[in-house]
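K.L.:
Counting in this note's numbering, the sequence shown runs from 38 upward without gaps. From the three backbone atoms N, C-alpha and C, an ideal C-beta is built for every residue, glycine too. Sending over a structure as structure tokens; questions will come in a sec.
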Amino acid sequence: MKLYELTDDERINYLLKNNYINAKQADLLRSRAPLSQDLADSLSENQIGMFGLPYGFATGFTINGKDYVVPMSIEEPSVIAAASNGAKRIKNSGGFTVSVSDHIVYGQIVLESITDDTLELLNDNYDEIIKLANDAHPSLIKRGGGVRSLEYHKYDDMLEVEIGVDTVDAMGANIVNTILEKTSKKISTMTKCDVLCSILSNSGAGQLVNAEANIEFEQLATRSMSGQAVAERIVQLTTFAQKSVKRAITHNKGIMNGIDAVILATGNDFRAQEAASHEFASQSGQYQPLSSWQIINGSLHGKLTLPVEVGSVGGAISSMPMAQLSLAMMGITDSKELRSIIGAVGLANNLSALRALVTTGIQAGHMSLQSKSLAVSAGAEGAEINLVASKLNKEKNYSLDNAKKVLKELRNK
């Protein structure tokens with residue numbers, strides 16, 4: 038049987054048997070109790086309960102020669118299916134090649150009421166400011182991180198002190214904000230300027246990921262269309278997205294479907310990721326697709342470049358049991374590896390979405406996977422869910438009214 042045909046418990050046993058998780062982690066999955074009351078209270082204000090999202094995993098990922106299953110938390114069944122489908126086609130063609138930049142998080146100290154000699158004072162104390170920033174978080178230096186850049190930018194009567202910090206395996210927001218707030222007090226005294234604010238930037242300029250893959254034509258073919266024809270149509274649709282902002286937005290949303298699902302499953306900040314990704318897509322002055330596709334040497338070549346703002350330690354990542362389980366399932370050793378996986382997932386989801394769009398259309402696969410949700414919405418329970426879903430898929434009539442009709446007929450037999 039295929040993984041999607043197994044029960045939840047059988048899928049957990051699959052992960053256990055193949056050493057993706059251990060017995061304790063398997064028990065956590067079976068318990069369906071991801072957070073204790075105390076932990077939930079510490080993570081959210083006015084906490085009154087849990088809002089559940091399904092937790093699954095995608096398969097078929099070979100990234101830089103290493104195989105992965107990838108945990109994803111999302112309410113949309115077609116996203117995990119698409120990730121697995123795209124990853125399998127890429128794996129059969131050699132897998133993903135992913136490279137990542139250093140993990141630099143930028144912070145801004147904004148000075149107001151500047152004078153003619155403010156910039157000169159800052160330049161004269163350049164080394165001292167770097168030392169102040171590093172001294173503000175000594176444990177980061179011990180882990181191999183610290184300040185990597187310091188720049189000044191003048192905007193009319195305000196001046197920005199921009200500090201780039203290598204936060205190693207932490208996402209870095211709290212680290213950088215701590216450094217900025219401590220350093221800004223000294224800078225204010227040094228320059229006799231008021232500090233308007235001290236805050237990290239969610240620009241991902243220092244955290245780029247580049248994921249690439251070659252897909253052989255035979256991996257793209259459908260029953261009615263050759264692989265080369267599919268590849269040519271994918272290239273054409275991507276070219277259209279470079280011209281049409283409305284299409285580029287949806288193109289990128291398909292990429293973020295998979296990326297956000299992994300970020301949620303690992304306890305990272307998907308809001309920061311969205312902000313960084315869409316800013317990066319707008320750098321040319323017109324919003325652009327984050328990926329490019331072209332035909333090179335008789336195969337389809339895909340390339341996805343975007344910032345990935347995540348960590349593998351710290352904050353909610355270290356305190357949430359399910360986040361720790363996700364990292365363990367992937368065998369994550371550091372944040373660079375996690376960023377590589379996330380980049381590959383984005384490219385896999387993009388491939389599946391584009392292939393569907395230029396062949397059968399997005400709804401064919403999407404609605405067949407939604408049929409179970411329709412069955413549940415119609416009131417189906419237990420074994421009825423698969424029976425109703427099967428009938429909906431056979432009839433290709435995906436409406437709530439039809440689901441209710443099918444369920445009524447089933448119960449009246």
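Count the other CB atoms within 10 Å of the CB of Phe277; is the residue buried (16 or more) or exposed (fewer)?
P.N.:
Phe277 comes out exposed.
K.L.:
Going by DSSP, what residue range makes up the alpha helix (DSSP H) through Ala393?
P.N.:
Note, Ala393: alpha helix (DSSP H), Ser372 to Val395.
K.L.:
What separation, rounded to the nearest whole angstrom, lies between the Cα atoms of Gln361 and Pro114?
P.N.:
So the alpha carbons of these two residues sit roughly 23 Å apart.
K.L.:
So within the stretch 176–249, which uninterrupted alpha helix (DSSP H) runs reach at least 4 residues, ignoring any that extend past its ends?
P.N.:
Runs of the alpha helix (DSSP H) inside the stretch 176–249: 210–228.
K.L.:
May I have the straight-line CA-CA distance separating Ala184 from Glu112, to the nearest angstrom?
P.N.:
The sequence shown places Val at residue 184, not Ala. Cα to Cα, Val184 sits roughly 39 Å from Glu112.
K.L.:
Report buried or exposed for Val106, applying the criterion of at least 16 other Cβ atoms within 10 angstroms of its Cβ.
P.N.:
That one is buried.
K.L.:
Taking all protein chains shown into account, do 16 or more other C-beta atoms lie within 10 angstroms of the C-beta of Glu149, making it buried, or fewer, making it exposed?
P.N.:
Counting Cβ neighbours within 10 Å, Glu149 comes out exposed, since fewer than 16 surround it.
K.L.:
Is Pro344 helix, strand or coil by DSSP?
P.N.:
Residue state, collapsed to three classes: strand.
K.L.:
Could you name the residues of the same chain whose beta carbon sits closer than 7 Å to that of His174, not counting the 5 residues immediately before and after it, in chain order?
P.N.:
The residues are Ile212, Thr215 and Ile216.
K.L.:
Once DSSP output is grouped into helix, strand and coil, what is the label at Asn251?
P.N.:
Looking at Asn251 - three-state DSSP - the assignment turns out to be strand.
K.L.:
Does Leu437 pass the burial test, meaning 16 or more other C-beta atoms within 10 Å, or should it be called exposed?
P.N.:
Its Cβ having fewer than 16 others within 10 Å, Leu437 is exposed.
K.L.:
Closer than 8 Å is the cut-off here; do at least three beta carbon pairs connect the stretch 247–258 with the stretch 380–394?
P.N.:
Verdict: yes, contact present.
K.L.:
Would the beta-carbon of Gln244 fall within 8 Å of that of Glu316?
P.N.:
Cβ atoms of Gln244 and Glu316: not closer than 8 Å.
K.L.:
Counting only runs of 4+ residues fully inside the stretch 412–439, write out the alpha helix (DSSP H) ranges in chain order.
P.N.:
Complete alpha helix (DSSP H) runs here, min 4: 420–432.
K.L.:
Here's the rule I'm using: 16 or more other beta-carbon atoms within 10 Å means buried, otherwise exposed. How should Ala119 be labelled?
P.N.:
Result: buried.
K.L.:
Does Lys128 come out as helix, strand or coil in the three-state DSSP assignment?
P.N.:
It is helical.
K.L.:
Quick check on His288: does DSSP put it in helix, strand or coil?
P.N.:
It is helical.
K.L.:
Thinking C-alpha only, which one of Gly264, Thr370 and His288 is nearest Leu274?
P.N.:
Here the closest residue by C-alpha is His288.
K.L.:
Report the CB separation of Ile332 from Val272 in whole angstroms; it is logged as a contact under 8 Å.
P.N.:
With 8 Å as the limit, Ile332 and Val272 qualify as a contact, their Cβ atoms being about 6 Å apart.
K.L.:
Taking C-alpha atoms, which residue in Met357, Gly380, Lys441 and Lys450 lies nearest to Gln74?
P.N.:
Taking only the C-alpha atoms, the option nearest Gln74 is Met357.
K.L.:
Which of helix, strand or coil does DSSP assign to Phe307?
P.N.:
Phe307: helix per DSSP, three-state reduction.
K.L.:
CA-CA distance, Asp371 and Ser349?
P.N.:
C-alpha separation (whole angstroms): 6 Å.
K.L.:
Say yes only if the C-beta of Asp104 is nearer than 7 Å to one or more non-hydrogen atoms of the ligand ATP, and no if none qualify.
P.N.:
No copy of the ligand ATP appears in this structure; indeed no ligand is present at all.
K.L.:
Per DSSP, Gln331 is paired with what?
P.N.:
DSSP, once it has assigned bridges, lists His338 as partnering Gln331.
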